[in-house]
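Numbering (the working numbering), first residue to last: 1 to 197.
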């Protein structure tokens, strides 16, 4: 007797016969439904922008944040489930403060990327938890150079010159693929990102 297709859908740690983890795929779908966040680097620095989808006029717009400054050289943007983003942001804040207390210096962006990646990946291999329904952009300065990473719900991460997470990803990436140039100054890069959004 063969297991039903739902058997691979209920347990997070069971691969389907074709090598898929459905819960991770569902988490990626949650990211696609979130309002977009865009990050890009240029020779002069970093630009991050994010759209806010606020459907209730009673919500104070400034209370919803999609981009957070952890310290002078570390910036975080998310797309996906808001509650998951808040949980991960708390984790990053605690990580940053702990690092500062232990080593008397700010945590590096790549260290944060690796720690978030480890956290996300661990949520794909244990029962009783589900993958985070967010993708995270981590931007900052590493040895005086701007860097930008995306971490997806599986824990996979990669470095980018420009990256989009959330809905409208393909459309925005299409514009960036045509017009992005690392040699743009910050003002022109910011204009490009706003225009692509």
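Even glycine gets a Cβ: it sits at the ideal position worked out from N, Cα and C.
In the DSSP output, which residue or residues are listed as bridge partners for residue i?
i: residue 78; result: 136
i: residue 205; result: Only positions 1 to 197 of the chain appear in the structure, and residue 205 is not among them; the question remains open.
i: residue 45; result: 42
i: residue 142; result: 145
i: residue 94; result: DSSP, once it has assigned bridges, lists no residue as partnering residue 94.
I'd like to know whether the C-beta atoms of residue i and residue j end up nearer to each other than 8 Å.
i: residue 153; j: residue 28; result: yes
i: residue 193; j: residue 30; result: no
i: residue 140; j: residue 79; result: no
i: residue 137; j: residue 163; result: yes
i: residue 42; j: residue 189; result: yes
i: residue 36; j: residue 167; result: yes
i: residue 76; j: residue 120; result: no
i: residue 165; j: residue 135; result: yes
i: residue 73; j: residue 106; result: yes
i: residue 113; j: residue 157; result: yes
i: residue 92; j: residue 70; result: yes
i: residue 146; j: residue 46; result: yes
Grab the span of the beta strand (DSSP E) containing residue i for me, first residue to last.
i: residue 200; result: Because the chain spans 1 through 197 in this model, residue 200 falls outside it and cannot be assessed.
i: residue 195; result: Unbroken run through residue 195 is the alpha helix (DSSP H), 186-196; no beta strand (DSSP E).
i: residue 54; result: That residue, residue 54, is in no beta strand (DSSP E); it is neither H nor E in DSSP.
How far does the alpha helix (DSSP H) with residue i in it reach, from first residue to last?
i: residue 110; result: 109-122
i: residue 172; result: 169-179
i: residue 25; result: 22-33
At a threshold of 7 Å, does residue i count as lining the ligand ADP (C-beta to nearest heavy atom)?
i: residue 76; result: This structure does not include the ligand ADP; it has no bound ligands of any sort.
Quick test of your reading: residue i and residue j, contact by CB under 8 Å. State the CB separation rounded to the nearest angstrom.
i: residue 197; j: residue 51; result: 6 Å
i: residue 14; j: residue 124; result: So it is not a contact: roughly 11 Å between Cβ atoms.
i: residue 95; j: residue 115; result: 6 Å
i: residue 172; j: residue 38; result: 6 Å
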